[in-house]
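In our numbering, the protein residues as written are 17 to 229. Inspection log for the structure reproduced underneath, given as structure tokens.
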């Protein structure tokens, strides 16, 4: 495989591709992959970025064959329509600009990963009393969640009562992270008694009974 070759898989994630950065002498592509080698008039990194565009990836998934697992073939890849600037130099400049942006994003992500590790360490010490903040002293006490909070199960409603009414949180809404995004919530019909007994308030912590822990 040569530097600039672009590789697709034939099965599964057919919308994903990768570019070979350096010549791989003696390296061969397995039968479950497809290699694209752009001609000399096309800048390989520019082509690689084109193939990572969301609408191109959506097109690949839409045109893939197979019912249970999407499959790719050379005939499908031949039909991809890509826009190109008139000169190789412009292709190269665009690819370099995007590469610089990728490098910046990677640097920021590495910094965030480092900060997350620092935070995890601080949480482990601060939330267990191993490290004390300036101005605080005294021995911590241990209690159970049942002694320090009110635990209450949610409501169960049939599908015909969903779609209008008050906002409600499902287990799916817990996938988005530590905080619940209100703008993504659905609506459900409830009685005044259920509102009084089951309404969520700022500061409530929500667990799912299944799937998400």
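In this text, a Cβ means the ideal position worked out from N, Cα and C, and glycines have one as well. In this text, all values refer to a predicted model and were calculated from it rather than measured experimentally.
For the beta strand (DSSP E) holding residue i, just list the boundary residues, first then last.
i	result
residue 34	33-35
residue 24	22-25
residue 196	Here residue 196 belongs to no beta strand (DSSP E), and DSSP marks it neither H nor E.
residue 148	Premise fails: residue 148 is in no beta strand (DSSP E) and is neither H nor E.
Hey, would you say residue i sits closer than 9 angstroms to residue j, going by beta carbons?
i	j	result
residue 50	residue 78	no
residue 53	residue 25	no
residue 92	residue 81	yes
residue 167	residue 183	no
residue 146	residue 140	yes
residue 61	residue 97	no
residue 196	residue 211	no
residue 170	residue 214	yes
What are the boundary residues of the alpha helix (DSSP H) that includes residue i?
i	result
residue 139	104-142
residue 182	Premise fails: residue 182 lies in the beta strand (DSSP E), 178-184, not in any alpha helix (DSSP H).
residue 15	A query on residue 15 cannot be resolved here, the shown segment of the chain reaching from 17 to 229 and no further.
residue 60	60-67
Using C-beta distances below 8 angstroms, list every residue in its chain close to residue i, excluding the 5 sequence neighbours before and after it, in chain order.
i	result
residue 59	104, 107, 108 and 111
residue 224	187 and 190
residue 57	104
residue 44	17
residue 87	26, 27, 30, 80 and 81
Who are the Cβ neighbours of residue i in its own chain at under 7 angstroms, not counting the five residues just before and after it?
i	result
residue 73	31
residue 144	none
residue 173	204
residue 177	204 and 205
Kindly list the residues whose CB is nearer than 6 angstroms to the CB of residue i, restricted to its own chain and excluding five residues on each side of it in sequence; keep chain order.
i	result
residue 40	17
residue 229	Confidence is the limiting factor: at residue 229 the pLDDT is only 49, short of 50, which leaves the residue's position unreliable and the question unanswerable from this model.
residue 22	33, 35, 52 and 64
residue 156	145
What does DSSP give as the partner residue(s) for residue i in the beta ladder?
i	result
residue 87	27 and 81
residue 204	178
residue 51	23
contact_flag[the segment 158-167, the segment 198-206] where n(CB pairs < 8 angstroms) is 3 or more
no
Contact between the segment 63-75 and the segment 26-34 is defined here as three or more beta-carbon pairs at a separation below 8 angstroms; is this criterion met?
yes
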